[in-house]
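Those protein sequences? They're chains B and C, same order as listed.
Each residue of the first sequence is one higher than the last, beginning at 1 in the numbering used here.
Each residue of the second sequence is one higher than the last, beginning at 1 in the numbering used here.
Each remark here refers to the structure printed beneath this line.
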Amino acid sequence: MPSEKKFYLTKEGLKKIQKEYQSLKNLRLAKTKGEIPKIWHSEDINQEYLSFWEDLGFLETRIAELENIFKNVELIKLPPKEKQNVVNLGAQVIVEVDGQNDEFTIVGTLEANPALGKISNESPVGETLLGHKVGDEVIISSPIKTIYKIKKIKYKIS
Amino acid sequence: MKNLLNFFIEVGKLKRMPRRGWVINQIKNPESIAEHIFRAALMSWILGEKKEGLNVEKLLKMALIHDLCEIYAGDTTPYDSVLPKNKKKLRELMKTWPRFPNYQKKEQAIKKYRKETEALEKLILRLPTDLKKEIKNLWLDYEKGLTPEGRFFHQADRMENFLQAYEYWEKYKSPPLGPWWLWAREFFDDPLLLKFMEVLERKFHRQKFSGKLKPTLALLNFFTEIGKLKRKKRRGWIAHQIKNPESIAEHIFRTGILAWILGRKKKRFNLERVIKMALIHDLCEVYAPDLTPYDPLLPKDQNKIMEVLKRWPKFTPSLKIKSYKKKYKLENSAVNLLVLKLPLNLKSEIKNLWLDFEKGLTKEGRFVRQVDKVENLLQGIEYWKKYGRIQHKLWIRWIKEIVDAPVLLKFIKALEKKFC
């Protein structure tokens, strides 16, 4: 059974999966009509998904997963101006860690990809940064002490 | 079958590929990619079952294939673009976590993804269409986190890595733990794995445990124990004087893939059970010796051992029964000890799977028993091609006495055609 967990998504992230969902539904429709050869060059279907989703079982699983996300999605909104100096979901934060600068975007678990600088709000670092302001030194001490000095906070959410 | 055989031979290369992260950390004789996969599969199964609604068969398959692309793409680390040649500078670098601007992170991720996609496609090119699609989809799910299983395994895989880092740190005081913690606290967000991380910290830093963490500690201790199979070489190859032979963990890894792929077309077959059984069938060897059929005949003089190995060992029926009983007793006690502190349901599951494998109680048990021998034969033939020394023809004759699953007989035929 899919879980009822709330999924925080940026507008961009939601658009991306809505596009994927539409593409997968087109693919499923084409499959049931037996139109597979015709869709190879169709603009209604992202060609990447053709190789992803030729397997009907997998296609159905992903469609169900996306529907569960849509049911439980909460859009990450731009905070009111007076709160834009505080780290919240969707914030791009420049921090200084061990003398090096790094840039994180705080996102929900679905969009998290630390290799690309997207940190989940449920990870220890993401969770600890939430609610802090520029100039704050956020300390995570267990088991190795690390100081994250917040240098800049910006929001690029529309 | 020829294409499947070639695929399994390629997959076997992971047994000899050391994980690059440990190489650059200058860890002596580090684990191979196959050994990492072995424990990642077991951890994803056992931890995954604690999460509601996850498809464990899918998790197991994902674990088995997630690093196959590294056969051609190699193993990458976050340090690759900044590695100095000087060993002293390298040691200094390993004390830090490399930080890059976001555009560079993106470039690196795209490059890695392309390289790995191409490598995976090359590897699976000639596989049957259904299997090719399944492997590709499982890998994409893992890479992109498309389903709850993909997202969970993406993190469970790294948790195996983190545990291995701690085990090396405890043994060699390397790798430095600072960068690992910097990374881990940014990376993990799954509540179950965060709890596991807390237990990992408490165990290795010798901190106190509250009662509610004790069941997770029992799991961690189990994973640490089975990790010993990464370093335990198979005795049969040692007796054959094979240089740096495979470990028990490496044998388990390929047995798991063989059992899944060769068993997938069998009707009314529980594949989840098959893969789980393949993964646990040799866990008893954490404590029990890895016995070979030659053991009662092996002389102490190394030079005379090869003479004994030239003939297939023949025993009287009563001696066979005696040896079997001795082996069973030792292994049964070892399994009991290994699972002793596990939660009751997991303890019974592992014990029952092991009994099924040992005694062939179900069709799955009988199949995995035979796959185990077939993997051994494939490895034996690979060593024979490389080093000689193995009496492969005797081996093939023996295996034909014990294998009756049609798909495995076809596989053996393909093996003979290719090598003999």
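Ideal placement from N, C-alpha and C gives every residue a C-beta, glycine not left out.
In this text the structure is predicted, and so the values were computed from the model without any measurement.
Contact belief for residue i with residue j at Cβ below 8 Å, rounded distance in angstroms
{"i": "ASP75(C)", "j": "ILE33(C)", "result": "6 Å"}
{"i": "GLU416(C)", "j": "MET277(C)", "result": "Actually they are not in contact, since the Cβ atoms of GLU416(C) and MET277(C) sit about 27 Å apart, beyond 8 Å."}
{"i": "TYR155(B)", "j": "ALA112(B)", "result": "The Cβ separation is near 18 Å, so there is no contact."}
{"i": "MET159(C)", "j": "MET62(C)", "result": "Their Cβ separation, rounded to whole angstroms, is 14 Å, which puts MET159(C) and MET62(C) out of contact at 8 Å."}
{"i": "LEU298(C)", "j": "ALA218(C)", "result": "At roughly 38 Å, the Cβ-Cβ gap does not stay under 8 Å, so LEU298(C) and ALA218(C) are not in contact."}
{"i": "GLN370(C)", "j": "VAL403(C)", "result": "5 Å"}
{"i": "TRP354(C)", "j": "HIS281(C)", "result": "7 Å"}
{"i": "LYS132(C)", "j": "ALA414(C)", "result": "Between ALA414(C) and LYS132(C) the Cβ distance is about 18 Å, and since that is not below 8 Å, they are no contact."}
{"i": "ASN221(C)", "j": "LYS87(C)", "result": "Wrong, their Cβ atoms sit about 35 Å apart, outside the cutoff."}
Residue i at chain C interface by Cβ criterion, 8 Å
{"i": "PRO2(B)", "result": "With a pLDDT of 47 at PRO2(B), under the threshold of 50, the modelled position of that residue is not reliable, and no figure is offered here."}
{"i": "GLU82(B)", "result": "no"}
{"i": "GLN100(B)", "result": "yes"}
{"i": "SER123(B)", "result": "yes"}
{"i": "ARG28(B)", "result": "no"}
{"i": "SER141(B)", "result": "no"}
{"i": "ILE63(B)", "result": "no"}
{"i": "ILE161(B)", "result": "Any property of residue 161(B) remains undetermined from this structure, which presents chain B solely from 1 to 158."}
{"i": "LEU24(B)", "result": "no"}
{"i": "THR32(B)", "result": "no"}
Proximity test, Cβ basis, 8 Å: residue i and chain B
{"i": "THR147(C)", "result": "yes"}
{"i": "HIS205(C)", "result": "yes"}
{"i": "GLY178(C)", "result": "yes"}
{"i": "THR96(C)", "result": "yes"}
{"i": "ASN270(C)", "result": "no"}
{"i": "ASP189(C)", "result": "yes"}
{"i": "TRP139(C)", "result": "no"}
{"i": "TRP181(C)", "result": "yes"}
{"i": "ASN25(C)", "result": "no"}
{"i": "GLU349(C)", "result": "no"}
{"i": "ASP372(C)", "result": "no"}
{"i": "ARG99(C)", "result": "yes"}
{"i": "GLU285(C)", "result": "no"}
{"i": "GLU246(C)", "result": "no"}
{"i": "LYS15(C)", "result": "no"}
{"i": "GLU201(C)", "result": "yes"}
8 Å Cβ shell around residue i - same chain, five flanking residues per side excluded
{"i": "LYS195(C)", "result": "LEU213, THR216"}
{"i": "GLU225(C)", "result": "VAL286, LEU338"}
{"i": "ILE71(C)", "result": "GLU10, VAL11, LYS13, LEU14, MET17, ALA119, LEU123"}
{"i": "PRO2(B)", "result": "Here PRO2(B) scores only 47 on pLDDT, less than 50, and its place in the model should not be relied on; the value that follows carries that caveat. Closer than 8 Å at Cβ, skipping near neighbours: ALA64, GLU65, ASN68."}
{"i": "ASP189(C)", "result": "GLN155"}
Other residues of its chain near residue i: CB distance less than 7 Å, five sequence neighbours each side excluded
{"i": "LYS145(B)", "result": "ILE139"}
{"i": "TRP183(C)", "result": "TRP97"}
{"i": "LEU346(C)", "result": "ILE46"}
{"i": "ARG366(C)", "result": "GLY360"}
{"i": "LYS50(C)", "result": "LEU192"}
Sequence-distant residues of its chain with Cβ nearer than 6 Å to residue i (five each side left out)
{"i": "THR362(C)", "result": "ASP356"}
{"i": "LYS152(B)", "result": "ILE94"}
{"i": "ARG20(C)", "result": "ASP75, THR77"}
{"i": "GLN207(C)", "result": "none"}
{"i": "SER120(B)", "result": "THR109, ALA112, GLY126"}
Partners in chain B for residue i, counting only beta-carbon separations shorter than 8 Å
{"i": "LYS111(C)", "result": "Under the 8 Å cutoff, chain B gives no residues; its nearest Cβ is about 12 Å from LYS111(C)."}
Chain C contact residues for residue i, given Cβ-Cβ distances below 8 Å
{"i": "LEU89(B)", "result": "Per Cβ cutoff of 8 Å: no residues; LEU89(B) is ~13 Å from chain C at best."}
{"i": "ILE106(B)", "result": "Neighbours of ILE106(B) on chain C: none; closest Cβ ~11 Å, over 8 Å."}
{"i": "ILE150(B)", "result": "The premise fails here: ILE150(B) is roughly 15 Å from chain C at the closest Cβ pair, so nothing lies under 8 Å."}
{"i": "GLU103(B)", "result": "PRO101, ASN102"}
Chain-ordered neighbours of residue i on chain C, where CB pairs are closer than 7 Å
{"i": "PHE58(B)", "result": "ASN137"}
{"i": "GLY117(B)", "result": "ASN102, LYS105"}
{"i": "THR10(B)", "result": "Here the premise fails: no neighbours, minimum Cβ distance about 15 Å."}
{"i": "ILE144(B)", "result": "LEU177, GLY178, TRP181"}
{"i": "PRO114(B)", "result": "GLU186, PHE187"}
Chain C contact residues for residue i, given Cβ-Cβ distances below 9 Å
{"i": "ILE69(B)", "result": "Correct list: empty, because the minimum Cβ distance to chain C is about 11 Å."}
{"i": "VAL97(B)", "result": "TRP97, ARG99, LEU182"}
Beta-carbon neighbours of residue i, restricted to chain B and to distances below 7 Å
{"i": "GLU185(C)", "result": "With the sequence shown as reference, residue 185(C) is identified as Arg, and Glu is not the correct amino acid for it. Under the 7 Å cutoff, chain B gives SER123, PRO124, VAL125, ILE140."}
- Query: What are the start and end residues of each continuous alpha helix (DSSP H) run of 4 or more residues lying completely inside the segment 114–171 of chain C, in chain order?
  - Reply: Runs of the alpha helix (DSSP H) lying entirely within the segment 114–171 of chain C and spanning at least 4 residues, in chain order: 129–144.
- Which runs of the alpha helix (DSSP H) spanning at least 4 residues fall entirely within the segment 306–348 of chain C, listed in chain order? Segments of the alpha helix (DSSP H) lying fully in the segment 306–348 of chain C: 317–339.
- Run through the segment 55–123 of chain B for me and flag every whole beta strand (DSSP E) of 3 or more residues, listed as ranges in chain order. Within the segment 55–123 of chain B, the runs of beta strand (DSSP E) at least 3 residues long that lie entirely inside it are, in chain order, 73–75, 91–97, 100–107, 118–120.
- Task: Any chance you could list the alpha helix (DSSP H) runs of at least 4 consecutive residues sitting entirely within the segment 243–280 of chain C, in chain order?
- Result: Segments of the alpha helix (DSSP H) lying fully in the segment 243–280 of chain C: 248–263, 271–280.
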